[in-house]
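Engineer: If you're matching positions, the sequence shown starts at 1 in the working numbering and goes up one per residue.
The beta-carbon is built from N, C-alpha and C at its ideal position, and this holds for glycine as well.
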Amino acid sequence: AVKSVTINATTALTATLAADYAAASTLTVSGAGKVDLSGAALSANLTTINASASTGGTSVVLGAAAAKFTGGTGADTVGLGGFVVSEAVDGGAGVDTIVMQDGSQLTAATAAKITNFETLRVNDDDDGASDTFDTSLLSGLTSAVIGAQSAGDGVVLDKVSSTVASNITIAGNQAVGPQINVVGASTVGQQDALTLKFDDGAAAKNTLTVANVAAAGVETVNLVTTDNLTLSSATGLTGATTLDTLGLAD
Numbered sequence: 001a002v003k004s005v006t007i008n009a010t011t012a013l014t015a016t017l018a019a020d021y022a023a024a025s026t027l028t029v030s031g032a033g034k035v036d037l038s039g040a041a042l043s044a045n046l047t048t049i050n051a052s053a054s055t056g057g058t059s060v061v062l063g064a065a066a067a068k069f070t071g072g073t074g075a076d077t078v079g080l081g082g083f084v085v086s087e088a089v090d091g092g093a094g095v096d097t098i099v100m101q102d103g104s105q106l107t108a109a110t111a112a113k114i115t116n117f118e119t120l121r122v123n124d125d126d127d128g129a130s131d132t133f134d135t136s137l138l139s140g141l142t143s144a145v146i147g148a149q150s151a152g153d154g155v156v157l158d159k160v161s162s163t164v165a166s167n168i169t170i171a172g173n174q175a176v177g178p179q180i181n182v183v184g185a186s187t188v189g190q191q192d193a194l195t196l197k198f199d200d201g202a203a204a205k206n207t208l209t210v211a212n213v214a215a216a217g218v219e220t221v222n223l224v225t226t227d228n229l230t231l232s233s234a235t236g237l238t239g240a241t242t243l244d245t246l247g248l249a250d
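1) Considering only their Cβ atoms, is the gap separating G239 from V218 smaller than 8 Å?
2) Go through the segment 94-172 residue by residue and report every complete run of the alpha helix (DSSP H) that reaches 4 residues or more, in order.
3) What does DSSP give as the partner residue(s) for A193 in the beta ladder?
4) Indicate whether V61 and S30 have their beta-carbon atoms separated by less than 8 Å.
5) Within 8 Å of any Cβ in chain B, is that where the Cβ of S52 sits?
6) Would V182 and A215 qualify as a contact pair, given that the criterion is a beta-carbon distance under 8 Å?
7) In the DSSP assignment, find the unbroken beta strand (DSSP E) run with K68 in it and report its ends.
8) With distance defined between alpha-carbon atoms, name the residue in D90, Q190, D126 and A175 nearest to I49.
9) Could you please give me the residues that DSSP links to V78 through a beta bridge?
10) The beta strand (DSSP E) with N45 in it runs from where to where?
11) Roughly how many whole angstroms lie between the Cα atoms of G128 and S143?
12) Could you tell me how far apart the beta carbons of N206 and S232 are, in whole angstroms, since I believe they sit closer than 8 Å?
13) Since F198 sits in a beta bridge, which residues does DSSP pair it with?
14) Nearest by alpha-carbon distance to V145: which of S139, K113, L137 and D124 is it?
15) Let's test the definition: count the other Cβ atoms within 10 Å of the Cβ of T11 and tell me whether it reaches 16, buried, or not, exposed.
16) Does DSSP put D90 in a helix, a strand or coil?
17) To which residues does DSSP link N8 through a beta bridge?
18) For V188, which of helix, strand or coil comes out of DSSP?
19) Pull up the CB-CB distance for A93 and T73, whole angstroms please, since I reckon it's below 8 Å.
20) Look at the alpha carbon of L194 and the alpha carbon of G63, and state the distance between them as a whole number of angstroms.
21) V99 and G79 - do their beta-carbons sit closer together than 8 Å?
22) Please list, in chain order, all residues of the same chain as L13 whose beta carbon is under 8 Å from its beta carbon, the five residues on each side excluded.
23) Have a look at L243, T209 and T235 and flag the residue whose alpha-carbon is nearest the alpha-carbon of D227.
Written out as structure tokens, the structure reads:
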């Protein structure tokens, strides 16, 4: 079986790698082209992914808890799949995204291994339960994205800094209203702000249906719509004194 594979991308490349690799194999990515291998999880035997020489950015979904990732200077995206990481996952330079789907993937222990990621994206784990993500555990985090969540599934972003609170994107339908807990929002006299962007990233303008959004104690809430928005309820915005809507959609 193959022991190593090297991709030197001078232009953008989207591909799915085969699964036939020897144990403890290595994937090396370099070049100025964007490399997207995220269409399927990598082989469980690809345990070292070295994209440190890539300037175009690399997108992968890890195939094992013991997989080690090192990013380059481009915008890297690393999906954890259903795994709780046990090795270092380093986004490197650039504005990088870590993709999780279950609250168990973000703990003090795992956060010590997950470094240099600026965006946390939460996708649906389809387990019928809400998951809480302590965003304060990820050093340097500046934004968050909540992907579509199915019936029974919901996302709680906890200990959200003012920086992250200014840049949260809802990227799909939310069957259970997302809950955003901004640090210090319950402090009397503190003026808090939250910006929620509604954008699924598609070229077409779609309609996102979102259940009740909760952000207790936040005084100013900005809703920025790229897609059309159907918001079932806003009763969770218990501290809101200003509600602004911006954007090109309805």
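Structural biologist: In terms of the structure at hand:
1) yes
2) For the segment 94-172, whole alpha helix (DSSP H) runs of length 4 or above, ordered along the chain, are 108-111 and 162-165.
3) T220
4) no
5) Among the chains in the structure shown there is no chain B, since it carries only a single protein chain.
6) yes
7) K68 to T70
8) D90
9) V60 and I98
10) Counting along the chain, N45 falls outside any beta strand (DSSP E), and DSSP gives it neither H nor E.
11) 25 Å
12) That belief does not hold up - the Cβ atoms of N206 and S232 are roughly 17 Å apart, past 8 Å.
13) Note: F198 sits in a beta bridge opposite I170 and T225.
14) D124
15) exposed
16) strand
17) S30
18) coil
19) 4 Å
20) 35 Å
21) yes
22) I7, G33, K34, V35 and D36
23) T209
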